[in-house]
Amino acid sequence: MTVRTRFAPSPTGYLHIGGARTALFSWAYARKNKGQFILRIEDTDVARSTPEAVKAILDGMSWLGLDWDEGPFYQMQRIDRYKQVIQKLIDEDKAYYCYCSKEELDDLRERQMRLGLKPRYDGRWRPEKGKTLPAPPSGIDPVVRFKNPDSGFVVWDDLVKGQISISNEELDDLIIARSDGTPTYNFCVVVDDWEMGITHVIRGDDHVNNTPRQINMLKALDAEIPFYAHLSMILGSDGQKLSKRHGAVSVMQYDDDGYLPEALLNYLARLGWSHGDEEVFDMEKFSHWFDFNSITSSAAQFNLDKLNWLNAHYIKHADLSLLVSKISKRLTSLNVDLAQGPDLLKVIELYRERSNTLKALAESIIYFYQLPDIDLELAGKHMTEDVLPILRSFTVKLNDVEWKIEAIHDLIQQTVSDNGLKFPKIAMPLRIMLTGGAQSPSVDAVMVLLGKSEVLSRINSFLDKIKNNLNK
RNA sequence: GUCCCCAUCGUCUAGAGGCCUAGGACACCUCCCUUUCACGGAGGCGACCGGGGUUCGAAUCCCCGUGGGGACGCCA
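Here's what the structure looks like:
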């Protein structure tokens with residue numbers, strides 16, 4: 042049997058973390074088994090589906106590098122086929138027209154809730170032996186309902202949750218075609234999973250309750266029942282459900298925020314799945330290791346700290362040229378002119394280990410290309426009266442030094458020794474004048490990158506400013 | 001309300017009856033490295049939801065409770 046999995050998002054919003062993980066697991070299982078991964082857009086909710094959302098989903102998938110073998114299929118383009126199958130079910134007495142109005146149904150539900158019952162359709166239009174149906178009211182377009190078995194159990198071995206059994210008495214006759222004739226989700230899924238030959242349905246566990254209905258319809262169509270794997274949800278970092286209002290952001294937002302797709306993928310893979318103590322691995326390894334036995338059946342909380350840690354790791358190990366291209370895009374969009382400073386590649390090489398995100402990395406190196414705002418309070422703390430003269434004479438000597446890390450380092454070292462000081466006594470003021478702040482890589486390395494004339498110009502202009510202030 | 005699912009450090013997880021004095025990772029703390037901040041290295045803090053069974057033995061199996069989540073749409 043060739044494994045065929047699918048990812049079937051509805052285009053009512055962007056691709057978020059939960060969807061991305063579902064897609065990732067489906068993709069991985071297909072890859073592991075040399076099967077096919079199919080992308081299907083479930084756009085039968087005409088009112089809420091948008092082309093923008095379709096694009097957002099496709100963008101998200103390709104940013105993550107989750108490539109599909111077939112599709113994207115659009116359900117709206119298969120409407121005729123669904124209608125045929127619906128007609129077939131009606132002809133075979135496996136489905137029927139129901140003339141209940143929405144108001145009637147709301148009424149029914151409300152009454153059942155009041156009685157402590159599970160709200161469900163009572164089957165008033167369901168044709169049965171010896172039962173007389175009311176006359177169809179005129180002027181009402183009926184919906185089509187599937188005739189669900191009214192006894193027995195639907196049982197399946199969920200690949201994640203184990204055996205699940207649900208009584209048919211809990212299920213009602215669900216609507217498979219709306220009054221305007223369009224088929225509904227539960228029905229389209231069944232027809233598609235069947236006709237597209239899906240062998241493993243991997244989806245969020247909010248679909249567990251749909252599964253028995255779908256199995257019943259599959260049986261009615263004499264179709265093979267696929268395996269089901271229901272993934273537990275991903276909760277927000279506060280343990281609350283993710284929703285549009287609450288923390289469910291597009292995967293593309295992670296791109297904007299400076300995360301590498303391989304970091305997000307690695308993080309997501311590890312959320313609800315494990316392979317012993319493995320924490321850091323690429324998708325080749327993941328698709329090799331992936332299996333349903335190692336999926337956790339409980340919900341997982343999203344944790345940004347760990348994503349940050351992974352992202353830092355991937356930044357540290359990324360191709361320098363890739364980082365250069367990503368960082369230069371960011372800096373350019375911040376109106377930073379890269380021609381005004383050192384080779385970006387050299388800067389990134391020195392700074393890549395210091396940031397969790399590309400965004401932070403880009404922002405941390407801006408002062409190579411434009412003058413930094415100097416933290417004056419901090420400067421005051423380090424540039425005390427006693428070090429100013431030493432700094433001045435150091436600057437003069439700097440003019441003649443060979444512009445290499447060691448030579449600069451030696452000069453600083455010699456200056457502090459001559460004056461009975463410790464290294465930071467000179468290094469800190471230099472750092473502040475050159476970068477604006479108190480944190481940077483080794484100051485000699487920063488100086489080499491900045492270049493001699495820029496270094497001297499920044500130091501001198503700051504020292505002059507101090508002098509002028511003192512004279513005032 | 002009814003049905004379904006879930007339950008190990010703060011978080012992600014390992015754990016398939018003895019290997020568990022419960023392992024790893026993130027976060028946190030301490031120390032080392034050091035030119036500040038990071039990186040890196042070495043340590044540390046920290047958990048089996050509760051109660052009953054089953055068993056010579058239970059984090060692991062069963063039952064009940066509790067807590068969390070999901071579903072109950074002419075949404076997907």
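Here the first sequence is numbered in my numbering, starting from 42 and rising by one per residue.
Quick reminder that beta carbons are idealized off the backbone N, C-alpha and C, glycines included.
| Asked | Found |
| --- | --- |
| Per-residue DSSP class, three states only, for Ala49 | coil |
| Helix, strand or coil at Arg219 according to DSSP, with G and I counted as helix | coil |
| Alpha carbon of Glu319 to alpha carbon of Ala340, nearest angstrom | 20 Å |
| Buried/exposed call for Trp68, threshold 16 Cβ in 10 Å | buried |
| Segment contact, 8 Å Cβ cut-off, at least three pairs: the region 215 to 225 with the region 180 to 198 | yes |
| C-alpha distance - Leu504 paired with Lys445, whole-angstrom precision | 23 Å |
| Residues of its chain near Ile431, where Cβ-Cβ distance is below 6 Å and the 5 sequence neighbours each way are ignored | Asn460 |
| Beta-bridge partners of Cys139, as assigned by DSSP | Val184 |
| Rounded Cβ spacing between Phe333 and Ala310 (contact assumed at less than 8 Å) | About 14 Å; that fails the 8 Å criterion. |
| Counted within 10 angstroms of its Cβ, other Cβ atoms place Gly171 as buried (16 or more) or exposed | exposed |
| From Val437, Gly478, Thr91, residue whose alpha carbon lies closest to that of Leu419 | Gly478 |
| Validate contact between the region 481 to 495 and the region 437 to 454 using beta carbons, cut 8 Å, 3 pairs | yes |
| Local Cβ density within 10 Å of Val521, reported as buried at 16 or more and exposed below that | In the structure as shown, the chain begins at 42 and stops at 513. Residue 521 is therefore absent and cannot be evaluated. |
| For Val196, the three-state DSSP class (helix, strand or coil) | strand |
| Touching by the beta-carbon criterion (3+ pairs, under 8 Å), the region 365 to 372 and the region 397 to 409 | yes |
| Three-state secondary structure (DSSP) of Gln381 | helix |
| Every unbroken beta strand (DSSP E) within the region 69 to 114, with a cutoff of 3 residues, ordered by chain | 77 to 82 |
| Helix, strand or coil at Ala270 according to DSSP, with G and I counted as helix | strand |
| 7 Å Cβ shell around Gly101 - same chain, five flanking residues per side excluded | Tyr55, Leu56, Ala61, Ser291, Val292, Met293 |
| Alpha-carbon spacing of Val126 relative to Arg45, whole angstroms | 22 Å |
| Buried or exposed (CB count within 10 angstroms, at least 16 for buried), Lys367 | buried |
| Inter-residue spacing [alpha-carbon to alpha-carbon] between Pro267 and Tyr162 | 27 Å |
| Nearest-angstrom beta carbon gap, Pro302 and Leu80 [assumed within contact, 8 Å] | Going by Cβ atoms, the distance from Leu80 to Pro302 rounds to 17 Å, so no, they are not a contact pair. |
| Assigned secondary structure, Trp444 (DSSP; H/G/I helix, E/B strand, else coil) | coil |
| Gln294: first and last residue of the uninterrupted alpha helix (DSSP H) it sits in | 292 to 297 |
| Collapsed DSSP secondary structure at Trp235 in the structure displayed | helix |
| Selection from Arg472, Gln381, Ser494 that minimises the alpha carbon distance to Val437 | Ser494 |
| Residues near Asp263 by beta carbon distance below 6 Å, same chain, minus five either side | none |
| Beta-carbon proximity of His271 to Asp199, cut-off 8 Å | yes |
| Opening and closing residue of the beta strand (DSSP E) in which Gln204 lies | 203 to 208 |
| Within 8 Å, strictly: CB atoms of Arg393 and Lys357 | yes |
| 8 Å Cβ cutoff met for Phe464 and Ile243 | no |
| Cross-strand partners of Lys400 (DSSP beta bridge) | None, per the DSSP bridge assignment. |
| CA-to-CA distance, Arg47 to Arg89, given in whole angstroms | 22 Å |
| Met42 versus Met237: straight-line alpha-carbon distance, rounded | 14 Å |
| Cut-off 7 Å between Cβ atoms - residues of its own chain near Ala468, not counting five sequence neighbours on either side | Ile453, Val484 |
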